[in-house]
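Colleague:
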Ligand code: UD1
Ligand code: UDP
């Protein structure tokens with residue numbers, strides 16, 4: 445009898461980080477592998493499914509415009525029941541810290557399946573930052589039977605919460621597996637991409653590119669306004685620089701960003717880019733300003749310094765390595781650090797060293813081997 449695996453995700457970053465695991469499980473005939481998407485995100489999820497050529501077996505299609513945490517959580521738990529009843533999986537895989545991860549973890553627990561948590565053990569130890577992700581991740585850690593920790597530090601966090609060591613495996617982050625696959629595909633001769641071609645029509649590669657993203661709930665409102673102020677200052681002081689900002693579809697982000705930064709000549713606001721165009725653009729960038737978790741993990745592999753617009757991070761490894769700086773949402777601090785990186789090449793070179801503490805591209809192999817041995 446084959447071991448039944450159900451892999452569930454719903455947002456863009458979960459899809460990117462779970463895609464290599466889906467492909468690895470599907471290629472191993474000891475397992476019967478099914479994929480379920482909650483579609484907590486719709487367009488931003490579908491972009492990833494297209495690139496990795498993954499067709500979900502179940503699509504709950506749950507996204508609502510400007511959805512709230514209460515109804516999203518309740519609907520996910522309720523909608524997972526028929527899937528779990530039909531499939532009766534031995535193992536359910538969830539990823540990270542989203543509402544999908546937490547709610548699917550609860551539903552899987554009710555079903556009696558063993559729960560495998562990928563990207564386990566990251567902590568800020570402050571339940572308000574990031575909100576609600578820190579809480580989601582802690583709760584999923586409580587529910588999970590097996591914990592795939594990306595780094596030694598994340599394993600130590602789990603041990604400190606009395607998780608048994610034999611149920612934790614340090615794997616590296618699957619985001620690096622995805623990135624290596626993605627970069628190879630994007631750079632292959634036959635790969636053609638309309639979005640990349642479009643970017644080439646308006647970006648001037650003689651000028652340095654600053655790539656920006658931002659979406660965190662705790663930055664909505666004042667934080668986002670401050671970040672936009674800083675970007676405006678940087679754009680005005682540096683006509684030799686272009687800022688490109690693929691704007692997250694959350695209405696609490698798109699609205700203010702378009703209002704505050706629309707119409708500035710060297711700031712390009714674009715829709716979220718599909719993963720291939722985004723990683724292509726990361727490679728072309730001089731520096732990245734972001735509050736994204738995944739981008740903090742990817743950028744060191746591409747040798748790009750990152751200014752993180754948060755006051756605390758559950759990913760301190762790259763901060764300790766010196767490739768990432770936490771700048772918070774103080775507009776002066778953001779523009780000062782950006783100035784330093786634009787004007788001081790020694791400082792820039794020190795930050796763009798190529799060591800990545802988050803993985804070596806073999807995380808999915810380790811995860812599958814672990815379950816095979818069980
Ligand atoms: C979610 C996750 C966050 C993750 C982020 C990645 C939670 C609580 N938050 O935040 O951890 O870092 O995704 O991007 O799980 N929308 C669209 N189309 C899309 C995606 C979003 O229109 O493809 C809009 C919708 O109006 C949606 C809103 O964005 O209601 C918010 O989406 P939601 O998943 O609730 O929150 P995010 O801010 O995206
Ligand atoms: N990303 C993308 N297109 C974009 C912006 C980001 O494909 O326009 C990718 C990026 O490479 C990374 C992931 O999306 O792998 C990060 O997602 P996001 O910032 O939405 O979520 P977080 O990582 O903060 O949870």
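Residue numbers (my numbering): 445 to 818. Every residue, glycine too, gets a C-beta built ideally from N, C-alpha and C.
Within the continuous beta strand (DSSP E) that includes residue 498, where are the two ends?
Modeller: No beta strand (DSSP E) contains residue 498, which DSSP labels as neither H nor E.
Colleague: Please return the same chain residues whose Cβ sits closer than 6 Å to the Cβ of residue 711, not counting the five positions on each side in sequence.
Modeller: Around residue 711: 679, 687 and 705.
Colleague: Find out if the Cβ-Cβ distance for the pair residue 507, residue 486 is shorter than 7 Å.
Modeller: Taking 7 Å as the Cβ cut-off, residue 507 and residue 486 qualify as a contacting pair.
Colleague: Taking all protein chains shown into account, decide if residue 445 is buried (16 or more other Cβ within 10 angstroms of its Cβ) or exposed.
Modeller: Residue 445 is exposed by the Cβ-count criterion.
Colleague: Tell me the start and end of each unbroken beta strand (DSSP E) in the stretch 708 to 735 that is at least 3 residues and wholly inside, in chain order.
Modeller: Those beta strand (DSSP E) runs which fall completely within the stretch 708 to 735 and span 3+ residues are 711 to 714 and 731 to 734.
Colleague: Under a three-way DSSP split, which group does residue 535 fall into?
Modeller: Strand, per DSSP.
Colleague: For residue 751, list the residues DSSP reports as bridge partners.
Modeller: Looking at the DSSP assignment, residue 751 forms a beta bridge with 733 and 769.
Colleague: With DSSP as the reference, label residue 582 as helix, strand or coil.
Modeller: Note: residue 582 maps to helix in three-state DSSP.
Colleague: Are residue 553 and residue 662 touching if we call contact CB-CB under 7 Å?
Modeller: For residue 553 and residue 662, no; Cβs fall outside 7 Å.
Colleague: For residue 574, which beta-bridge partners are listed by DSSP?
Modeller: Looking at the DSSP assignment, residue 574 forms no beta bridge with any residue, so it has no partner.
Colleague: Could you check whether the Cβ of residue 568 sits closer than 6 Å to any heavy atom belonging to ligand 1?
Modeller: No, ligand 1 has no heavy atom inside 6 Å of this Cβ.
Colleague: Tell me the DSSP bridge mates of residue 672?
Modeller: Its beta-bridge partners do not exist; DSSP assigns none.
Colleague: Using the C-alpha atoms, what's the distance from residue 756 back to residue 772?
Modeller: Near 8 Å, if we compare the C-alpha coordinates of residue 756 and residue 772.
Colleague: Tell me which same chain residues have a C-beta within less than 6 Å of the C-beta of residue 457, skipping the five on either side of it?
Modeller: Excluding residues within five positions, the ones whose Cβ falls inside 6 Å are 738.
Colleague: How long is the line joining the alpha carbons of residue 467 and residue 767, rounded to whole angstroms?
Modeller: Going by the C-alpha atoms only, they are around 30 Å apart.
Colleague: My assumption, with CB atoms under 8 Å, is that residue 448 sits in contact with residue 558. Please give the rounded CB distance.
Modeller: Not quite, the Cβ-Cβ distance comes to about 11 Å (not below 8 Å), so this is no contact.
Colleague: Is it right to say residue 475 is buried, meaning 16 or more other beta carbons lie within 10 angstroms of its own, or is it exposed?
Modeller: Per the 10 Å Cβ criterion, buried.
Colleague: Taking 7 Å as the CB-CB limit, is residue 788 close to chain B?
Modeller: Protein chain content of the structure displayed is limited to a single chain, and chain B is not contained in it.
Colleague: If you drop the 5 nearest sequence neighbours on each side, which residues of the same chain put their C-beta closer than 7 Å to that of residue 472?
Modeller: Cβ neighbours of residue 472 beyond the five flanking positions: 812.
Colleague: Would you grab the beta carbon distance between residue 807 and residue 596 for me? Rounded to a whole angstrom, and I think it's under 8 Å.
Modeller: Incorrect: roughly 14 Å between the Cβ atoms, too far for contact.
Colleague: Give a yes or no on whether the C-beta atoms belonging to residue 744 and residue 716 are separated by under 7 Å.
Modeller: It is not a contact, given that the beta carbons lie outside the stated cut-off.
Colleague: Can you tell which of 530, 579, 781 and 548 has its C-alpha closest to the C-alpha of residue 537?
Modeller: Nearest C-alpha to residue 537: 548.
Colleague: Taking the beta carbon of residue 464 as the centre, do at least 16 other beta carbons fall within 10 Å, making it buried, or is it exposed?
Modeller: Under this definition residue 464 is a buried residue.
Colleague: Does residue 644 come out as helix, strand or coil in the three-state DSSP assignment?
Modeller: Note: residue 644 maps to helix in three-state DSSP.
Colleague: Flag residue 510 as yes when its Cβ comes closer than 6 Å to any non-hydrogen atom of ligand 1, and as no otherwise.
Modeller: Yes, ligand 1 has a heavy atom inside 6 Å of this Cβ.
Colleague: Can we count residue 769 as close to ligand 2, meaning its CB is less than 6 Å from some heavy atom?
Modeller: No, the Cβ of residue 769 stays beyond 6 Å of every heavy atom of ligand 2.
Colleague: Candidates 635, 497, 666 and 589: which alpha carbon is nearest residue 721's?
Modeller: For residue 721, the nearest C-alpha among the options comes from 635.
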